[in-house]
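Colleague: Structure incoming, see below.
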Amino acid sequence: MAIVFEEKVWTVTRQAGAAAGARGAGEYEVKPQEAGIWLHSDKGDRLFLPMDTSTLPTQEELNRLSIENFRRLLKGAERR
């Protein structure tokens, strides 16, 4: 799913959390067992918004995000 926002194309995916001992890729210091939402832009922005697994939306719900809800996720991830 892609969202065009502020001249960037964003991809939104979820990370449900992995079993202890798993390793994440990239330079991020996200714990692999941590659940949350990844926001990636076509300009190289990569943000992670940690969330409790009980409030983590499904990928189908993320695919139906409104611009306003996407803006809330983005602001939450930027504050982190």
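The sequence shown begins at 1004 in the working numbering and counts up by one. We treat Cβ as the ideally placed atom computed from N, Cα and C, and that holds for glycine.
Indicate the three-state DSSP secondary structure (helix, strand or coil) for glutamine 1036 in the structure shown.
Modeller: Position 33 of the sequence shown, counting from 1, holds the residue named residue 1036. Correct three-state label for glutamine 1036: coil.
Colleague: Among Glu1063, Ala1038, Gly1020, Ser1044, which residue has its Cα nearest to the Cα of glutamate 1009?
Modeller: For this step, residue 1009 is matched to residue 6 along the sequence shown. It is Ser1044.
Colleague: Taking 6 Å as the limit between beta carbons, can you name the residues of its chain near alanine 1019, skipping five residues before and five after?
Modeller: As a working note, residue 1019 is residue 16 in the sequence shown. Around alanine 1019: Ala1038.
Colleague: Distance check for glutamine 1036 and glutamate 1071, CA to CA, integer angstroms please.
Modeller: As a first step, residue 1071 must be located in the sequence shown, where it is residue number 68. As a first step, residue 1036 must be located in the sequence shown, where it is residue number 33. The alpha-carbon atoms of glutamate 1071 and glutamine 1036 are separated by roughly 28 Å.
Colleague: Tell me which same chain residues have a C-beta within less than 8 Å of the C-beta of threonine 1056, skipping the five on either side of it?
Modeller: Your numbering for residue 1056 matches position 53 in the sequence shown. Correct list, in chain order: Ala1019, Gly1020, Ala1038.
Colleague: Can you tell me the Cα-Cα spacing of glutamate 1063 and arginine 1082, whole angstroms?
Modeller: Counted from its first residue, the sequence shown places residue 1063 at position 60. Counted from its first residue, the sequence shown places residue 1082 at position 79. Their Cα atoms are separated by approximately 25 Å.
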